[in-house]
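All remarks here apply to the structure that follows.
Take a look at the structure:
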């Protein structure tokens with residue numbers, strides 16, 4: 009991983025002392041991909057044009073994360089609240105995974121990327137779910153970057169579902185209520201054994217986490233940028249990681 013990072017950094021023009029530290033890379037980066045609609049509006053385009061352009065940024069940043077040796081990349085693609093948007097926009101968003109994977113899946117396979125998804129599958133259209141499930145199956149044995157799509161995902165719903173399952177275990181006598189620990193709840197979270205994000209990035213200038221990974225972000229470093237998601241480039245991604253590497257993670261200690 010360190011050699012891959014060195015080759016990539018040396019191939020990029022650097023401004024000042026901006027080099028990354030290969031031994032201090034975040035293991036898991038999560039991104040709230042925001043600003044597609046505003047990017048389109050600023051150019052006199054329909055909102056769906058922004059979502060389509062944002063799809064290109066997904067591939068760009070996925071490959072950047074892979075080159076940097078990051079192990080997990082979670083992208084907030086569609087929230088449980090996004091169903092409230094106009095039907096035309098929702099229908100377009102439901103088609104995007106199918107279009108993206110039709111174009112990019114073979115390249116993801118060649119790059120040893122493993123595709124995962126977390127979210128409520130029941131409400132997704134068959135064509136959306138079929139495309140995602142095919143990608144999951146075809147990349148299941150890959151050992152490189154884990155590209156995790158949060159699709160029809162909501163942090164509160166994830167926690168409520170986990171609590172219900174934990175309650176069922178307690179009621180059935182499989183767990184002693186007096187001995188409940190964090191790990192008992194975490195086994196039912198949708199992150200499925202992945203480590204918590206080290207770094208959360210949100211684009212577009214909004215300063216909130218929008219019901220995203222509420223449990224897992226407890227000690228994540230947060231980085232916000234005014235850049236809209238379709239304009240988010242490798243250099244912005246590296247800027248976020250540089251800032252992450254400057255910070256001292258104390259986890260509540262000194």
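Numbering (this note's numbering), first residue to last: 9 to 262. Where a beta carbon is used, it is the ideal one built from N, C-alpha and C, also for glycine. Every value quoted in this text rests on a predicted model; they were computed, and no experiment measured them.
As DSSP reads the structure, residue 86 sits in a beta bridge with 159.
In the assembly as shown, residue 229 is a buried residue. Its beta-carbon has 16 or more other beta-carbons within 10 Å. Considering only 56, 120, 62 and 121, the residue with the shortest C-alpha distance to residue 96 is 56.
Counting only unbroken stretches of 3 or more residues, the beta strand (DSSP E) elements lying wholly within the region 89–141 are 122–126, in sequence order. If you draw a straight line from the Cα of residue 185 to the Cα of residue 203, it is about 25 Å long. Burial is judged here by how many other beta carbons sit within 10 angstroms of a residue's own beta carbon; residue 124 has at least 16 and is buried. In this structure, residue 43 and residue 237 form a Cβ contact; the two beta carbons are roughly 5 Å apart against a cut-off of 8 Å. Here residue 139 has 105, 106, 109 and 110 as same chain residues with Cβ atoms under 8 Å from its own Cβ, once five neighbours each way along the sequence are excluded.
Residue 199 has its alpha-carbon roughly 16 Å from the corresponding atom of residue 86. For residue 245, the uninterrupted alpha helix (DSSP H) run begins and ends at 242–254, by DSSP. Segment contact: the region 175–183 against the region 142–160, fewer than three CB-CB distances shorter than 8 Å; contact not assigned. Under DSSP, residue 36 takes part in a beta bridge, and its partners are 80.
Note that the C-beta distance between residue 196 and residue 173 is below 7 Å. Excluding the 5 residues flanking it on each side, residue 239 has same chain C-beta neighbours closer than 7 Å at 47, in chain order.
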